[in-house]
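One structure below.
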DNA sequence: CCCAGATGTAAGCATCTGCTTACAACGGTA
DNA sequence: TACCGTTGTAAGCAGATGCTTACATCTGGG
């Protein structure tokens with residue numbers, strides 16, 4: 001049912017799988033850039049060089065597209081990253097515009113797409129929980145999950161400030177300098193003593 | 001031209017100033033809850049108990065309303081808060097749902113409204129710069145502005161995680177516990193040595 | 001009292017949104 | 001070659017959105 005057996009080598013004139021993939025990639029990029037609500041299905045189809053009707057044929061709805069983008073692009077690579085490297089990898093990915101490719105654009109999609117909608121929130125929740133449980137292992141404290149949430153909140157905030165607000169000096173700051181400051185402060189977040197009366 | 005001199009004391013039957021104010025307050029709350037793009041002018045008018053045409057008569061456009069909301073509600077009170085108290089006040093305001101009233105809802109408006117639009121970004125930029133310059137005084141380091149940006153990013157991220165993602169344990173965490181962790185880590189951000197090779 | 005301006009209302013316009021439908025073109029198969 | 005499912009296209013629908021227009025109603029000063 002998959003893997004076309006016939007076409008010699010090059011690209012096919014009519015290739016559903018390729019079109020589907022182009023739609024997926026266009027959606028991933030646009031969701032990361034403009035957020036879920038800020039992106040229209042027409043823009044996605046246009047960037048993919050496809051007709052918008054195909055988007056609904058392949059994904060059912062705009063929401064279905066988001067679900068697939070998050071599930072495919074985000075979760076899989078996230079699960080492959082060791083928790084100890086996750087924060088810095090994600091941070092550097094955000095700072096360099098996802099050039100390292102470690103955490104791809106899942107954080108940015110998450111960042112820009114968390115809106116008011118119930119459905120989108122549900123779809124993105126799993127991605128967030130995946131981050132949380134990974135980061136929670138970094139602190140042995142009882143409230144490790146809370147600290148993980150706070151760390152992830154900082155990631156989201158930095159991404160927000162860089163890609164959305166784009167204000168100096170954060171937007172143009174040296175990734176190493178930012179990492180040094182953030183990771184230094186985070187060290188104390190991980191190792192802070194448990195609630196001691 | 002202002003201050004009606006005649007009406008005895010109570011409320012007037014037809015009071016433009018009061019209607020204007022209700023629209024402003026409704027817009028402030030809705031922008032804070034749903035973001036700029038997620039809020040419709042019809043919702044604002046409805047919550048204010050006014051006709052939507054009045055919104056355009058008084059503010060020209062939806063964008064004009066945002067500008068006024070930020071300028072009036074946000075900047076003025078922000079400028080009245082000492083920098084040393086700004087971060088904790090804003091953080092507690094976010095954590096308790098703006099109950100303290102210190103930093104009002106300007107941070108939330110900022111948080112939920114930073115979208116793709118050029119105009120909105122321009123309007124909100126001034127608010128962000130105000131926060132930055134206030135926080136930048138907390139660190140004597142050369143890169144104080146960068147550290148201020150990072151601190152504000154954390155604020156935004158925490159607000160995002162709490163009000164938008166609403167995931168436990170952050171959403172229901174004790175504000176004091178969160179403050180303890182965040183302020184502790186922030187201490188090290190303010191006092192970290194300058195870039196030492 | 002009476003009228004001009006201030007205030008509030010209802011309806012609608014133009015456009016955009018997610019989504020659907022009807023149809024054309026292609027391509028492997030028999 | 002004839003066929004039929006697959007892939008791609010064009011047009012449009014119903015609803016929502018920002019904004020405008022034409023009109024009703026109130027209020028205060030002459």
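Residue numbers (UniProt numbering), protein chains in the order written: chain U, 1 to 197; chain L, 1 to 197.
Backbone N, C-alpha and C define an ideal beta-carbon position, used for all residues, glycine too.
The structure presented is a predicted model; accordingly, all values stated were derived computationally and were not measured.
Check whether chain L comes within 8 Å of residue i, counting only Cβ atoms and requiring the distance to be less than that.
i	result
residue 185 of chain U	yes
residue 142 of chain U	no
residue 182 of chain U	yes
residue 189 of chain U	yes
residue 79 of chain U	no
residue 149 of chain U	yes
residue 89 of chain U	no
residue 173 of chain U	yes
residue 109 of chain U	no
residue 158 of chain U	yes
residue 92 of chain U	no
residue 28 of chain U	no
DSSP on residue i, reduced to helix/strand/coil?
i	result
residue 169 of chain L	coil
residue 138 of chain L	coil
residue 61 of chain U	coil
residue 185 of chain L	helix
residue 131 of chain L	helix
residue 17 of chain L	helix
residue 193 of chain L	coil
residue 49 of chain U	coil
residue 110 of chain L	helix
residue 82 of chain U	coil
residue 209 of chain L	Only positions 1 to 197 of chain L appear in this structure, which leaves residue 209 of chain L out of reach.
residue 37 of chain U	coil
residue 174 of chain L	coil
residue 149 of chain L	helix
residue 143 of chain L	coil
residue 96 of chain L	coil
Any Cβ of chain U within less than 8 Å of the Cβ of residue i?
i	result
residue 169 of chain L	yes
residue 37 of chain L	yes
residue 70 of chain L	no
residue 98 of chain L	Note that residue 98 of chain L scores 49 on pLDDT, short of 50, meaning its location in the model is unreliable; the coordinates nonetheless yield the value given after this. Not closer than 8 Å to any Cβ of chain U, the Cβ of residue 98 of chain L fails to qualify, so no.
By how many angstroms is the C-alpha of residue j removed from the C-alpha of residue i?
i	j	result
residue 81 of chain L	residue 54 of chain U	54 Å
residue 160 of chain U	residue 149 of chain L	11 Å
residue 46 of chain U	residue 31 of chain L	31 Å
residue 158 of chain L	residue 189 of chain U	14 Å
residue 140 of chain U	residue 83 of chain U	13 Å
residue 66 of chain U	residue 147 of chain U	28 Å
residue 130 of chain U	residue 124 of chain U	10 Å
residue 212 of chain L	residue 39 of chain L	As displayed, chain L neither begins before 1 nor continues past 197, which places residue 212 of chain L out of reach and without an answer.
residue 64 of chain L	residue 43 of chain L	16 Å
residue 168 of chain U	residue 184 of chain U	21 Å
residue 101 of chain U	residue 34 of chain L	For residue 101 of chain U, the predicted structure reports a pLDDT of 40, less than 50, and the residue's modelled location is therefore unreliable. A value from the coordinates is still provided. Each residue's Cα considered, the two are about 32 Å apart.
residue 143 of chain U	residue 22 of chain U	42 Å
residue 205 of chain L	residue 156 of chain L	Look at the range of chain L in this structure, 1 to 197, and you will see that residue 205 of chain L is not part of it.
Going by beta carbon distance, what residues of the same chain come within less than 7 Å of residue i, once the five residues before and after it are set aside?
i	result
residue 86 of chain U	134 and 135
residue 41 of chain L	52, 55 and 62
residue 179 of chain U	88, 91 and 92
residue 175 of chain U	92, 95 and 96
Less than 8 Å between C-beta atoms, sequence neighbours within five positions excluded: which residues of the same chain meet that for residue i?
i	result
residue 78 of chain L	86, 103, 106, 127, 130, 131 and 134
residue 75 of chain L	106, 126, 127 and 130
residue 25 of chain L	48
residue 19 of chain L	48, 50, 54 and 58
residue 186 of chain L	87, 151 and 154
Excluding five sequence neighbours on each side, which residues of the same chain lie with their C-beta closer than 6 Å to the C-beta of residue i?
i	result
residue 191 of chain L	none
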